[in-house]
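Novice:
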Amino acid sequence: MFSADQKLLVPKPNANSNPNTDTDLDMDMDSRKDSVRNAEATGVFCWQLATYPLRHAVSVTAQPVPYGVDEFERAGLTKTYSKVLKTQVPMVAESPVRFECEYHSTLKLPGNPPTGSVDVVIGKVVGIHVDESVLTDGKIDVSKTQPIARCGYYEYAVVRDTFDMIVPRVTTTLFGLAGDVKMHSKHRDPVEKTTDVDEPTSS
């Protein structure tokens with residue numbers, strides 16, 4: 001869910017992170033232009049994870065309403081506010097994972113009427129809020145968050161089970177992608193010598 005002002009809440013943007021930076025976030029949204037314009041004008045926005053317990057509220061925020069209607073209140077959601085951004089932006093208190101983002105740019109993609117174009121909003125994550133109830137060993141446990149995803153038509157999916165899959169013969173360029181460098185070191189093939197890191201030279 002995407003919020004960029006005091007009342008608007010966009011229910012279902014597709015969000016992706018850049019694995020090479022750990023701080024970049026991009027989302028695509030259809031004809032809900034108000035939140036996009038607000039993010040562009042203020043330079044800030046927030047993203048919050050849409051979860052199975054919030055599914056009915058997500059559906060309510062998908063309904064078109066006149067500009068100025070408080071969609072948080074309409075969906076029965078509680079506001080909490082950003083703490084890092086220069087401008088306070090409301091976030092969904094009931095969501096277990098929330099990102100505060102600085103706006104970077106918008107990529108406009110063509111669409112089909114009547115939905116119009118698709119805006120891909122790119123931002124830098126500057127603040128992260130995670131509820132302790134969804135942590136396991138200090139890391140976000142996706143199965144505890146129960147995120148939902150739109151599959152197409154009116155179908156949605158919920159994630160309740162995950163599995164680990166370590167890239168075989170991992171090199172130092174891939175360290176940290178799972179959020180734990182020590183874990184990668186543990187699973188790394190001990191007989192393989194990495195060749196992608198320059199060895200220090202003596203002068």
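In the UniProt record's numbering, the protein residues as written are 1 to 203.
Glycine included, every Cβ here is placed at the ideal spot set by N, Cα and C.
Is Val-130 closer than 8 angstroms to Ile-122 when the C-beta atoms are compared?
Specialist: No, these two residues do not count as a Cβ contact at 8 angstroms.
Novice: Relative to the alpha-carbon of Asp-164, which residue among Tyr-153, Gly-152, Val-158, Ser-143 has its alpha-carbon at the smallest distance?
Specialist: Here the closest residue by C-alpha is Ser-143.
Novice: Hey, Cys-101 and Val-126 are a contact pair by Cβ (cut 8 angstroms); roughly how many whole angstroms apart?
Specialist: Between Val-126 and Cys-101 the Cβ distance is about 7 angstroms, and since that is below 8 angstroms, they are a contact.
Novice: Excluding five sequence neighbours on each side, which residues of the same chain lie with their C-beta closer than 8 angstroms to the C-beta of Tyr-81?
Specialist: Hits under 8 angstroms: Gln-88, Val-89, Pro-90, Met-91.
Novice: Can you list, in chain order, the stretches of the beta strand (DSSP E) that have 3 or more residues and sit fully within the segment 108-167?
Specialist: With a minimum length of 3 residues, the continuous beta strand (DSSP E) runs that stay inside the segment 108-167 are 118-130, 148-152, 155-158.
Novice: Would Leu-49 and Val-120 qualify as a contact pair, given that the criterion is a beta-carbon distance under 8 angstroms?
Specialist: Their beta carbons are not under 8 angstroms apart, which means Leu-49 does not touch Val-120 by this criterion.
Novice: If you run the structure through DSSP and keep just helix, strand and coil, what is Thr-87?
Specialist: The answer is coil: DSSP assigns Thr-87 none of H, G, I, E or B.
Novice: With DSSP as the reference, label Lys-7 as helix, strand or coil.
Specialist: DSSP places Lys-7 in coil when its eight states are reduced to three.
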